[in-house]
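Protein chains: 2
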Amino acid sequence: MRGAVMYGKGDVRLEQLPEPTIVEPTDAIVRNAASCVCGSDLWNYRGINETPKPRPFGHEYCGVVEAVGDAVTTVKPGDFVIGSFFSSDGTCPNCRNGFQTYCLNAKPMIGCQAEAVRVPWADGSLVATPEQPSADLIPSLLASSDVMGTGWFAADAARVAPGMTVAVVGDGAVGLCGIIAARQLGAERVIAMSRHAPRQRLAREFGATDIVEERGDEGVAKIKDMTEGVGADAVLECVGTADAMDQAIASARPGATVGFVGVPHGVTIDGTKLFRSQVGVNGGLAPVRRFLPHLIDLVFNGTIDPGQVFDTVMPLDDVAEAYRAMDERRAIKVLLQP
Amino acid sequence: MRGAVMYGKGDVRLEQLPEPTIVEPTDAIVRNAASCVCGSDLWNYRGINETPKPRPFGHEYCGVVEAVGDAVTTVKPGDFVIGSFFSSDGTCPNCRNGFQTYCLNAKPMIGCQAEAVRVPWADGSLVATPEQPSADLIPSLLASSDVMGTGWFAADAARVAPGMTVAVVGDGAVGLCGIIAARQLGAERVIAMSRHAPRQRLAREFGATDIVEERGDEGVAKIKDMTEGVGADAVLECVGTADAMDQAIASARPGATVGFVGVPHGVTIDGTKLFRSQVGVNGGLAPVRRFLPHLIDLVFNGTIDPGQVFDTVMPLDDVAEAYRAMDERRAIKVLLQP
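Protein chains in written order, with the numbering used here: chain A, 9 to 346; chain B, 9 to 346.
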């Protein structure tokens, strides 16, 4: 089958790879309806994360179950399924607590930018849709596999509740999905921090009530102006840089929580500053699996449409160009059709 | 009147000070039934915090209202009242959100180690007891003014909920009160990290179900042994050192929150480590005022008895000796009788 292989900085290739097969009785094989490129894939593509040796790449997927191991009971061949970027056994203490990404037996999904993929722990990882989705639902189901689930976790971790004013730092796909999540969780006002017109439009489409273009101290001042001088009730940090975290904490009111889902690069939090701000920080690798059933419902009943983050669609064969388009910010997020 | 004055390292003196008077129409004068020395007072006594010039000291108090300004409506002369270490107007956005310590017009209480004290923002700051307390309730009411309120906030910030396993880092008065709070909030198991026999006894008295004497990696390993290998559901950090914060984060399971109330000294949190641990941190200066009505109820109906943290009682005249006893850890906490 065809699949993407990451070689390192600026070098992703489409190659012929062996068809995945059932290895453990808890495995499933999923034939992908679609895959995509993640902002976090760019860390390797940009050479910021090392790639010691070439490897199949991509961790977002949805598609049809083709085969299952003997121990699998909750999904069967023919089911349309979605999983997250980690497979999880569903039974360990962390899974039971709803933090499946920290499953004691977690296995990161790899090689999803391909025609098919092996999913370990199928019972703990996959969620079947109520029926075969129509083609127009595929982008939103695929988005649920990572960016929508991660955006939801940002809002969940930030403890967004009805009536709140929520600020969102980061206008990438995760930040944009965070806006959807904040509105779904009842936020009355959602302030998107964005200076890119196409992303601002999508932010408004997703429910942002206000846009703040300023960054740093000026951005914080704007947020304070809008919140009786105290800051937002909850803040979603969806970038992962030190500047973004500083901005998020400074934009939050005493008692607010910053839900952070941007993989931190060079972020250090000063304890005294945090104590004095009375702002909580809460985040990590999103336990997307916890949210999948609810997200699938919301997609199927037309309440949310996170698939709009895919502003570009390409055939899997053009995966190298897909990485380039995202690296150069010509695309918010590229969907790959096998 | 007599009152304590902090001069700097190792130097606290009892002096004759002017009687406090009503300055603003929102003030009250409270004649103290008791005051005490706080662990945080030792930062100045030990010269870690600077004392640029001598100043009246102490921030914990309870007693009888002697006079009120013209604008005060919720307390009257003769009421027995408790306040916290900050006075707050009760009306600003932060007060309305329950974070009164961050009142936009907050004034830190000073000079409470004295016969009487002026309380600004009396309406927003003071809570009257349902009736005059008997003498045996005074220590617990005084404890509510700071350490019990702060311990409660540690548990509240750590989001302690029924059935949880909670670890408490720090066996000072705040940590011990945190044990009371965790139990009141429904924790099934409370693990006190303590290596001092008298404090262990009080920890058990307050509801700790387990004691862990080990610190650092060994302490963390013990906690993990007790929690299916994943860590505690909530952790209270009641010290403020880098070691204590590290220990707290490492002892918490993915998805848990560390409630931190120890004033940080040299604490830095690595963003990547925090992200990978999936542990939230949430704390600051405790909004004790929010908890006072509930704490007073619990003290009056005999449910809690945090006054036991006062293992030593001295006359106000011996305030210098009170500081020495706490500095040398001969006393957990000293109550001062005017």
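Ideal placement from N, C-alpha and C gives every residue a C-beta, glycine not left out.
About 6 Å separates the beta carbons of Val83 of chain A and Ala130 of chain A, which is inside the 8 Å limit, making them a contact pair. For Glu236 of chain B, the three-state secondary structure derived from DSSP is coil.
The Cβ atoms of Val155 of chain B and Val182 of chain B lie closer than 7 Å to each other. Val327 of chain A sits close to Ala12 of chain A, with the two beta carbons spaced by under 7 Å. Per the coordinates, the alpha-carbon of Ser92 of chain A lies some 23 Å from the alpha-carbon of Val177 of chain A. Phe299 of chain A is outside the set of residues whose beta carbon lies under 7 Å from a beta carbon in chain B.
Residue range 276-278 is occupied by the beta strand (DSSP E) that includes Asp278 of chain A, with no alpha helix (DSSP H) assigned at that position. Taken in chain order, the whole beta strand (DSSP E) runs of length 3 or more contained in the region 134-190 of chain A are 173-177. Residues of the region 247-261 of chain B whose Cβ lies closer than 9 Å to any Cβ of chain A, in chain order: Gly248, Ala250, Met253, Arg261.
Annotation: Thr280 of chain A to Gln121 of chain B spans about 27 Å, alpha carbon to alpha carbon.
Of the residues B:Gly106, B:Gly119, B:Gly98, B:Asn105, the one whose Cα lies closest to the Cα of Asn113 of chain B is B:Gly98. Closest in alpha carbon position to Phe214 of chain A, among A:Ala240, A:Ser95, A:Val76, A:Ile312, is A:Ile312.
In the DSSP assignment, Gln345 of chain B forms a beta bridge with B:Pro323. Shown here, Val287 of chain B sits in coil according to DSSP, grouped into three states, outside any helix or strand. For Thr217 of chain B, no CB of chain A lies under 7 Å from its own CB, so it is not counted at the interface with that chain. Ser96 of chain B sits in coil when the DSSP states are folded into three classes, being neither helix nor strand. Residue pairing by DSSP places Asp19 of chain B opposite B:Gly16 in a beta bridge.
Per DSSP, the beta-bridge partners of Gly11 of chain A are A:Glu23, A:Ala122. Ser43 of chain B: not part of any alpha helix (DSSP H); member of the beta strand (DSSP E) spanning 36-44, first to last residue. Counting along the chain, the unbroken beta strand (DSSP E) around Ile199 of chain B starts and ends at 197-201.
By the criterion of a C-beta distance shorter than 6 Å, Val228 of chain B is surrounded in its chain by Ala258, Ser259, once the five residues flanking it on both sides are discounted. Taking a C-beta distance under 7 Å as the contact criterion, Gly157 of chain B and Ala189 of chain B do not qualify as a contact pair. If you compare the alpha carbons of B:Ala175, B:Cys111, B:Tyr331 with that of Val296 of chain B, the shortest gap goes to B:Cys111. Approximately 4 Å separates the beta-carbon atoms of Pro33 of chain A and Ala79 of chain A; this is inside 8 Å, confirming the contact.
Contacts between Val238 of chain A and chain B, judged by CB atoms closer than 7 Å, involve Pro101, Asn102 in chain order. Residues of chain A whose Cβ lies closer than 9 Å to the Cβ of Val271 of chain B are, in chain order, Thr280, Phe283.
Residue environment: Pro147 of chain A is assigned as buried (16 or more neighbouring CB atoms within 10 Å of its CB, all protein chains considered). When DSSP states are grouped into helix, strand and coil, Glu226 of chain A belongs to the helix group.
According to DSSP, Val73 of chain B shares a beta bridge with B:Val38. Following the DSSP letters along the chain, one finds Ile257 of chain B in no beta strand (DSSP E) but inside the alpha helix (DSSP H) bounded by residues 250-259. Between Glu123 of chain A and Pro346 of chain A, the CB-CB gap stays under 7 Å. Counting the other Cβ atoms within 10 Å of the Cβ of Ala143 of chain B gives fewer than 16, which makes it exposed. Proximity to Pro141 of chain B across B:Val72, B:Trp51, B:Gly248 peaks at B:Val72, based on C-alpha coordinates. Judged by beta-carbon spacing, Val271 of chain B lies beyond the 7 Å limit of Ala256 of chain B, meaning their Cβ atoms are not closer than that value. Under DSSP, His273 of chain B shares a beta bridge with B:Thr249. Under the DSSP assignment, Phe88 of chain A falls in the beta strand (DSSP E) whose first and last residues are 88-90.
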